[in-house]
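Just so we're aligned, residue 201 is where the sequence shown starts under the numbering used here, counting upward by one. Every residue, glycine too, gets a C-beta built ideally from N, C-alpha and C. Structure first, then comments.
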Amino acid sequence: MSSPRQTKSFLMKRLGEIGVAPASRHGQNFLIDLNLVELIVNSADLGPRDVVLEIGTGTGSLTTLMAPKAGRVVTVEIDGNLFELASEQLIDFPNVQMLQTDALKNKNTFSPVVMDAVGQALSEVPNSRLKLVANLPYNVATPILSNLLLCEHLPHMMVATIQKELGDRIVAQPWSKDYGALSVWMQAQAKTEIVREMSPKVFWPPPKVTSAIVRITVDPEMRAQIPDLRYFHQFVKALFLHRRKFLRANVVSAMKRHLSKEDVDQLMTAMEFGPDARTEQIDIPTLLRFTELVRAKAPDWSL
Ligand SMILES: C[S@@+](CC[C@H](N)C(=O)[O-])C[C@H]1O[C@@H](n2cnc3c(N)ncnc32)[C@H](O)[C@@H]1O
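And the structure:
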């Protein structure tokens, strides 16, 4: 069984042999610092009951380290050439299922093939739980992380390499420039942490931005405090849509066919929001309460 020596020269040689250059449209920036690959695996604290979903197999370096620890790994790669390369690397791991497909059906939905494979793996591992562990393609990192919290197989944890700027938004607090719909959506149901910032130098080819490993640990008790997850997800997105506008203007515009301005003013008063309140000043428990007041008046609303 080959060890994961994913160095720049190894990658250049292997990709050169098959006449392939890394495709920036697929976010093909490979992690070449083995210590950091190990840090990702250790941060996910994998054990036999864990079913890992990895999006972006690449050459299989992260997969190779995860497979001996996890119960099952479902790994997805969009690129046919990389899929072939990784197939050779992963041939000796019977608990790894490789899929060659786009992990996303569209921006809001996971591929049903991927979800079926995850469901099957979860049903075959005793007392199983799902963990997303991946060096994510940056162009689809946001839909992957936020949609997985809405899909039929809820992850217990997500450990991922993403753009640092996205990591900053995930962990941001009210009153900061990074606090937005993504911060609220994630922190309302999970503990969020930046495990490590990473310089572009630890990837080949180096991306244009600084990266970070984030860990998102879902808290079922917090999640149970959100009666309608889809409504909350969409309403929070609508509230942060125009950051420069006041909260009231955002609510009026989002709810325009469902609530009159008078209705909105009543709700604002009930919440004790002043006329110059802005969404980015409001903490998550308050946004949850506000969502429920609005939902009671406009249950059929959607973005
Ligand atoms: C940042 S690289 C990570 C590769 C490898 N895991 C590593 O750590 O070196 C991202 C990988 O995701 C693949 N990819 C990009 N978009 C994808 C998608 N929508 N679905 C599945 N794989 C995708 C790319 O081809 C690439 O191999």
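The distance from the Cβ of residue 479 to that of residue 411 is about 28 Å, inconsistent with a contact at the 8 Å cut-off.
Beta-bridge annotation (DSSP): residue 298 is paired with 275.
Straight through space, the alpha carbons of residue 420 and residue 401 are spaced by roughly 37 Å. With fewer than 16 other Cβ atoms inside 10 Å of its own Cβ, residue 291 counts as exposed. Across the set 323, 372, 371, 385, the C-alpha of 385 shows the shortest separation from the C-alpha of residue 343. Every alpha helix (DSSP H) of 4 residues or more that sits fully in the segment 445–485 is shown, in chain order, as 447–454, 461–470. In the three-state reduction of the DSSP assignment, residue 264 falls in the helix class, which pools H, G and I. Distance from the CA of residue 280 to the CA of residue 379, rounded to the nearest whole angstrom, comes to 38 Å. Annotated three-state conformation of residue 334 is strand, per DSSP. Within 10 angstroms of the beta-carbon of residue 256 lie 16 or more other beta-carbons, which makes it buried. Only residues of its own chain outside the window of five on either side were considered, and among them 243, 413, 415 have a CB closer than 6 Å to the CB of residue 395, listed in chain order.
In the displayed model, residue 304 falls within a strand according to three-state DSSP. For residue 360, the secondary structure class from DSSP, reduced to helix, strand or coil, is strand. By the neighbour-count criterion, in which a residue is buried when 16 or more other Cβ atoms sit within 10 angstroms of its Cβ, residue 218 is exposed.
Look at the beta carbons and you see the segment 320–331 touching the segment 248–265: at least three pairs across the two are nearer than 8 Å.
If you draw a straight line from the Cα of residue 278 to the Cα of residue 443, it comes to about 35 Å. Under the three-pair Cβ rule at 8 Å, the segment 284–299 counts as touching the segment 257–274. Within the same chain, 491, 494 come within 7 Å of residue 435 by CB-CB distance, once the 5 residues on both sides are set aside. Using a cutoff of 8 Å, the CB of residue 277 counts as near ligand 1, since one of the ligand's heavy atoms is closer than that. Pairing residue 228 with residue 339, the inter-Cα distance amounts to about 10 Å. If one requires a minimum length of 3 residues, the beta strand (DSSP E) runs lying completely within the segment 357–401 are 390–398, in chain order.
In this structure, the beta-carbon distance from residue 303 to residue 310 falls below 9 Å. The residue among 499, 298, 222, 346 with its C-alpha nearest the C-alpha of residue 418 is 346. At a threshold of 8 Å, residue 233 does not count as near ligand 1, since its beta carbon sits no closer than that to any of the ligand's heavy atoms. Looking at the backbone, the Cα of residue 375 and that of residue 482 are separated by about 8 Å. Comparing alpha carbon positions, the residue from 457, 300, 469, 383 closest to residue 365 is 383.
Within 10 angstroms of the beta-carbon of residue 223 lie fewer than 16 other beta-carbons, which makes it exposed.
Shortest Cα-Cα distance from residue 237 to any of 215, 214, 264, 216 involves 264. Taking non-hydrogen atoms of ligand 1 into account, the C-beta of residue 442 is found less than 8 Å away from none of them.
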